[in-house]
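Add 11 to the 1-based position in the first sequence for my numbering, that's all there is to it.
Okay, structure first, notes after.
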Amino acid sequence: MRASRLFFPTLKDDPAEAEAISHKLMIRAGLVRQLAAGLYIYLPLGLKVVDKVCRIIREEMNAIGAQELSMPILHPAEIWQKTGRWQEIGDEMFRLKDRGGRDMVLAMTHEEVITWLAAHEIRSYRDLPQVWYQIQTKLRDEARPKSGILRTREFIMKDSYSFDTDEESLEQNYQLHIQAYSRIFQRCGIRFYMVESDPGMMGGATAHEFMAPSAAGEDEVALCPCGYSANLELARSVPEVPEFPQAGLEEIATPDVRTIDEVSKFLNVDPALLIKSLLVMTDAGPVLAMLRGDQELQDSKLNRIIGTHRPASPAEIQAITGAGTGFIGPVGLNLRKVADESLERGVFIVGANKDGYHYKGAVLGHDFETELADIRRVKPDETCPFCGKRLSIEQVIEIGNIFKLGTKYSEPLGATYLNESGKEQNIIMGSYGIGPARIVAAAIEQLADEKGIIWPVSIAPFAIHVALVQPADSQQTAIAEKLYADLMAAGAEVLLDDRAVSPGVKFKDAELLGCPLRVTIGKRTVAEGSVEVQVRHGGEEHKFELGTAADNILSLLDSL
RNA sequence: CGGGGCGUGGCGCAGCUUGGUAGCGCGCUUGCUUUGGGAGCAAGAGGCCGGCGGUUCAAAUCCGCCCGCCCCGACCA
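Shown next, in the form of structure tokens:
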């Protein structure tokens with residue numbers, strides 16, 4: 012491709028609306044343009060990179076026996092009503108009516124459709140197992156699109172679905188996907204972790220996510236050297252146990268001292284000796300959530316125990332507990348309570364449900380009763396529950412996920428098969444996603460430097476960027492054209508910058524675009540009968556004689 | 001949905017406090033020069049100042065409503 016004909020509008024300045032590195036660079040390098048919040052146009056270079064990622068995905072999916080198909084984006088509401096997600100999912104699903112007044116939905120995901128297909132076409136255990144996949148557009152009316160292409164309202168996804176007769180067979184397909192995913196992310200040149208994850212709205216019991224470490228990520232994971240790794244939504248840890256004082260409930264005056272910080276300073280005690288009491292409201296009434304003063308609530312964990320909830324307002328707190336914010340506690344409070352398991356043993360200071368007062372010496376089982384559960388957020392350096400080493404926490408981009416669905420979709424949609432003894436059984440399903448655009452963003456986030464993008468060879472829009480310094484010079488042009496033709500003939504993807512712009516602009520654009528190798532042909536190299544080659548990642552420079560330049564460039568490329 | 005910020009040529013911004021008919025840098029066009037790190041000189045083109053309404057002799061500027069975009073939170077296959 013010649014740069015003089017390539018549509019790649021580059022920008023000198025960072026766009027005002029971009030925050031994330033990948034967002035800034037994708038716009039500056041002319042990969043994408045934003046149409047509206049969460050809606051992006053992929054320009055030629057951006058599309059080229061996404062296509063390369065998709066090609067790798069296809070190769071690896073095909074390699075585990077998955078078969079590509081394509082499903083509609085527009086669905087009849089009926090199948091979503093059958094699985095219950097029509098009701099369960101709220102504003103995040105785009106809904107519309109067709110001319111006949113029938114309810115339709117725009118696909119957020121395709122479990123319903125693929126299961127409909129399986130219900131119609133799978134009859135016998137002899138038809139199983141199957142793995143079907145597609146790379147297709149998904150639409151979600153995101154509450155908050157953000158970070159460029161990381162969270163958008165329309166995006167493509169590779170989604171695959173496995174259909175098995177039993178759990179063991181599902182486990183095999185699950186493992187095959189783990190293998191395929193690992194190879195895909197490796198080949199795309201990004202660092203990633205596989206972590207335990209919350210099945211969430213997908214349903215099912217087992218789920219893992221593939222996470223690429225990046226400051227732009229929206230998720231956090233806990234990691235242990237022993238291999239334990241989990242999304243913070245469900246990560247577990249063993250907290251330090253403090254020295255507790257004597258038991259014996261006693262009211263103490265704490266005038267105008269409300270927060271954990273204030274109380275611990277006022278009483279000169281470790282925050283871990285206090286109970287943090289949070290009142291939340293559910294459909295079934297108020298619930299008191301309790302944590303140690305040095306801990307924070309992991310809302311997703313509480314959510315799984317008490318369902319959807321919201322913090323109580325100050326007025327509600329007053330009405331329900333009789334005290335204001337900062338003075339509430341479990342003692343004498345007759346409502347549902349959920350305490351973090353770290354409160355099971357110990358002697359704590361708690362709010363007295365009376366303005367200006369706390370109790371000290373409160374003991375679970377003696378002074379109050381509560382349900383116990385893990386509802387705290389893991390903190391860095393807490394102990395791993397499996398090996399005792401220290402956990403670290405990293406910010407990550409979710410690039411893929413895998414779920415064991417079981418019969419959550421096959422049952423309501425009637426996807427069954429006849430087993431060996433002629434008995435009808437529900438098909439056991441799995442569902443597996445990858446976000447190609449997120450892989451692209453993660454690669455940029457993880458590798459870029461202050462000059463621009465640095466592509467891994469496997470997904471670079473071009474492998475070699477030939478900078479022809481003076482296109483007006485016939486000698487330089489002849490050399491560049493020959494090299495361009497030779498490299499292309501050898502199968503390499505080459506961008507020839509033949510634009511009549513100043514050398515500085517060419518070099519800056521080459522760095523911004525981030526192709527793995529930049530070949531420079533100018534006055535200096537012509538005089539020496541050589542070409543200059545710079546490796547974008549690391550900046551290493553080489554000089555190759557003209558006669559063997561193409562071969563040397565290609566072997567240098569292979570070595571990257 | 002809650003909180004905050006922003007909206008002025010293609011891009012990045014100033015002007016708004018104290019109303020008086022729009023400016024800077026980059027980019028773009030033409031010409032000449034230049035040619036290994038975002039070139040120089042000269043001449044140009046390009047803006048219903050997000051929208052609607054109000055106040056006023058007069059609104060980019062003041063007031064109200066709305067829309068859009070970004071950030072934090074909630075939410076999130």
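Glycine included, every Cβ here is placed at the ideal spot set by N, Cα and C.
| field | 7 Å Cβ cutoff met for residue 571 and residue 468 | value | On the first sequence, position 560 is the one that residue 571 refers to. On the first sequence, position 457 is the one that residue 468 refers to. Judged by beta-carbon spacing, residue 468 lies within the 7 Å limit of residue 571, meaning their Cβ atoms are closer than that value.
| field | Expected contact under 8 Å - CB spacing of residue 22 and residue 44 to nearest Å | value | Residue 22 sits at position 11 when you count from the first residue of the first sequence. Residue 44 sits at position 33 when you count from the first residue of the first sequence. The Cβ separation is near 11 Å, so there is no contact.
| If you draw a straight line from the alpha carbon of residue 70 to that of residue 508, how long is it in whole angstroms? | Reading the first sequence from its first residue, position 59 is the one you call residue 70. Reading the first sequence from its first residue, position 497 is the one you call residue 508. Taking the straight line from one Cα to the other gives about 31 Å.
| said: Please give me, in chain order, every unbroken run of the beta strand (DSSP E) with length at least 3 that falls completely inside the segment 283–309. | reply: Restricting attention to beta strand (DSSP E) runs no shorter than 3 residues, the segment 283–309 encloses them at 286–293, 296–303, ordered along the chain.
| Exposed or buried, what is residue 248 when buried is set at 16 or more other beta-carbons lying within 10 Å of its beta-carbon? | Locating residue 248 in the first sequence gives position 237, counting from the first residue. Residue 248 sits buried, since 16 or more C-beta atoms from the chains shown fall within 10 Å of its C-beta.
| query | For residue 20, is the classification buried or exposed, using 16 other Cβ atoms within 10 angstroms of its Cβ as the cut-off for buried? | reply | For the purposes of this step, residue 20 is identified with residue 9 of the first sequence, where counting begins at 1. That one is exposed.
| Reduced DSSP category for residue 563 - H, G, I as helix; E, B as strand; rest coil | Numbered from 1 along the first sequence, position 552 holds the residue referred to as residue 563. In the three-state DSSP reduction, residue 563 falls in the helix class (H, G or I).
| query | Of the residues 109, 273, 223, 117, which one's Cα is nearest the Cα of residue 102? | reply | For the purposes of this step, residue 102 is identified with residue 91 of the first sequence, where counting begins at 1. Checked all of 109, 273, 223, 117; the closest Cα to residue 102 is 117.
| query | With which residues is residue 185 paired in a DSSP beta bridge? | reply | Locating residue 185 in the first sequence gives position 174, where the first residue counts as 1. According to DSSP, residue pairing for residue 185 in a beta bridge does not occur.
| request: Answer yes or no: do residue 121 and residue 413 have a C-beta to C-beta separation smaller than 7 Å? | output: Within the first sequence, the letter at position 110 stands for residue 121. Within the first sequence, the letter at position 402 stands for residue 413. No, Cβ-Cβ distance for residue 121 and residue 413 is not below 7 Å.
| field | Closest by C-alpha distance to residue 306, when choosing among 346, 433, 386 | value | Start at 1 with the first residue of the first sequence, and residue 306 comes out as number 295. If we check each option's Cα against that of residue 306, 386 comes out closest.
| query | Mind checking residue 68: buried by the 16 CB within 10 Å criterion, or exposed? | reply | Your numbering for residue 68 matches position 57 in the first sequence. Per the 10 Å Cβ criterion, buried.
| To the nearest angstrom, how far is it from the Cα of residue 547 to the Cα of residue 113? | Position 536 of the first sequence holds residue 547. Position 102 of the first sequence holds residue 113. CA-CA distance, residue 547 to residue 113, rounds to 55 Å.
| Hey, is the segment 445–464 in contact with the segment 195–203, meaning 3+ C-beta pairs nearer than 8 Å? | Yes, the segment 445–464 touches the segment 195–203.
| task | My understanding is that residue 127 touches residue 100, with C-beta atoms under 8 Å, so please give their C-beta distance in whole angstroms. | result | As a position in the first sequence, residue 127 is number 116, starting the count at 1. As a position in the first sequence, residue 100 is number 89, starting the count at 1. 17 Å between Cβ atoms; not a contact.
| field | Reference residue 149, options 501, 84, 209, closest by Cα | value | Taking the first residue of the first sequence as position 1, residue 149 is located at position 138. Of all alpha-carbon atoms in 501, 84, 209, the one lying nearest the alpha-carbon of residue 149 is that of 84.
| field | Beta-bridge pairing of residue 87 - partner residues as DSSP gives them | value | Taking the first sequence and counting its residues from 1, the one referred to as residue 87 is at position 76. Within the DSSP secondary-structure output, residue 87 pairs in a beta bridge with 115.
| query | Rounded C-beta distance between residue 370 and residue 261? I'm assuming under 8 Å. | reply | One-based indexing of the first sequence puts residue 370 at position 359. One-based indexing of the first sequence puts residue 261 at position 250. Residue 370 to residue 261, Cβ: 7 Å. Contact.
| field | Residues near residue 351 by beta carbon distance below 6 Å, same chain, minus five either side | value | Locating residue 351 in the first sequence gives position 340, counting from the first residue. If you ignore the 5 residues before and after residue 351, its C-beta comes within less than 6 Å of the C-beta of 302, 386, 387, all in its own chain and listed in chain order.
| field | Separation of residue 490 from residue 14, as counted between CA atoms | value | Locating residue 14 in the first sequence gives position 3, counting from the first residue. Locating residue 490 in the first sequence gives position 479, counting from the first residue. Rounded to whole angstroms, residue 14 to residue 490 spans 17 Å at the Cα level.
| request: Hey, could you find the ends of the beta strand (DSSP E) residue 230 is sitting in? | output: Here residue 230 refers to the residue found at position 219 when the first sequence is read from its first residue. Unbroken beta strand (DSSP E) run through residue 230: 230–234.
| According to the Cβ coordinates, are residue 231 and residue 243 closer than 7 Å? | By one-based count along the first sequence, residue 231 stands at place 220. By one-based count along the first sequence, residue 243 stands at place 232. Contact: yes.
| said: Let's test the definition: count the other Cβ atoms within 10 Å of the Cβ of residue 447 and tell me whether it reaches 16, buried, or not, exposed. | reply: For this step, residue 447 is matched to residue 436 along the first sequence. So residue 447 counts as buried.
| message | Tell me which residues share the same chain as residue 26 and place their Cβ nearer than 6 Å to its Cβ, disregarding the 5 neighbours each side in the sequence. | response | Indexing the first sequence from 1 puts residue 26 at position 15. Same-chain partners within the cutoff: 38.
| query | Under the rule that 16 or more other beta-carbon atoms within 10 Å means buried, what is residue 524, buried or exposed? | reply | As a working note, residue 524 is residue 513 in the first sequence. Buried, because 16 or more other Cβ atoms sit within 10 Å of the Cβ of residue 524.
| query | Among 28, 236, 258, 170, which one has its Cα closest to the Cα of residue 156? | reply | Your numbering for residue 156 matches position 145 in the first sequence. The candidate whose alpha carbon is nearest that of residue 156 is 28.
| task | Can you give me the start and stop residues for the alpha helix (DSSP H) that residue 127 sits inside? | result | Position 116 of the first sequence, counted from the first residue, corresponds to residue 127. First-last of the alpha helix (DSSP H) with residue 127: 122–132.
| query | Helix or strand or just coil, what does DSSP make of residue 413? | reply | As a working note, residue 413 is residue 402 in the first sequence. The answer is strand: DSSP assigns residue 413 an E or B state.
| message | Quick check on this structure: which residue in 560, 449, 372 has the alpha carbon closest to the alpha carbon of residue 159? | response | Here residue 159 refers to the residue found at position 148 of the first sequence. If we check each option's Cα against that of residue 159, 449 comes out closest.
| Rounded separation between residue 521 and residue 51 - CA only | The count along the first sequence starts at 1 and reaches residue 521 at position 510. The count along the first sequence starts at 1 and reaches residue 51 at position 40. Distance between the alpha carbons of residue 521 and residue 51: 23 Å.
| query | Exposed or buried, which one is residue 203 when buried takes at least 16 other CB atoms within 10 Å? | reply | Taking the first sequence and counting its residues from 1, one reaches residue 203 at position 192. Result: buried.
| request: Taking the CB atoms as reference points, tell me whether residue 334 and residue 366 lie closer together than 7 Å. | output: The count along the first sequence starts at 1 and reaches residue 334 at position 323. The count along the first sequence starts at 1 and reaches residue 366 at position 355. In this structure, residue 334 sits near residue 366, with a CB-CB distance shorter than 7 Å.
| For residue 290 versus residue 323, is the C-beta spacing smaller than 7 Å? | Within the first sequence, the letter at position 279 stands for residue 290. Within the first sequence, the letter at position 312 stands for residue 323. The beta carbons of residue 290 and residue 323 sit closer together than 7 Å.
| What span of residues does the alpha helix (DSSP H) with residue 424 cover, start to end? | Sequence index remark: in the first sequence, residue 424 carries index 413 (1-based). Neither: residue 424 is in no alpha helix (DSSP H) and is coded neither H nor E.
| field | Which of helix, strand or coil DSSP assigns to residue 350 | value | Locating residue 350 in the first sequence gives position 339, counting from the first residue. Of the three classes helix, strand and coil, the one that applies to residue 350 here is strand, per DSSP.
| Residue from 152, 549, 561 with nearest C-alpha to residue 496 | Against the first sequence, residue 496 aligns to sequence position 485. When 152, 549, 561 are compared, the shortest CA-CA separation from residue 496 is found for 561.
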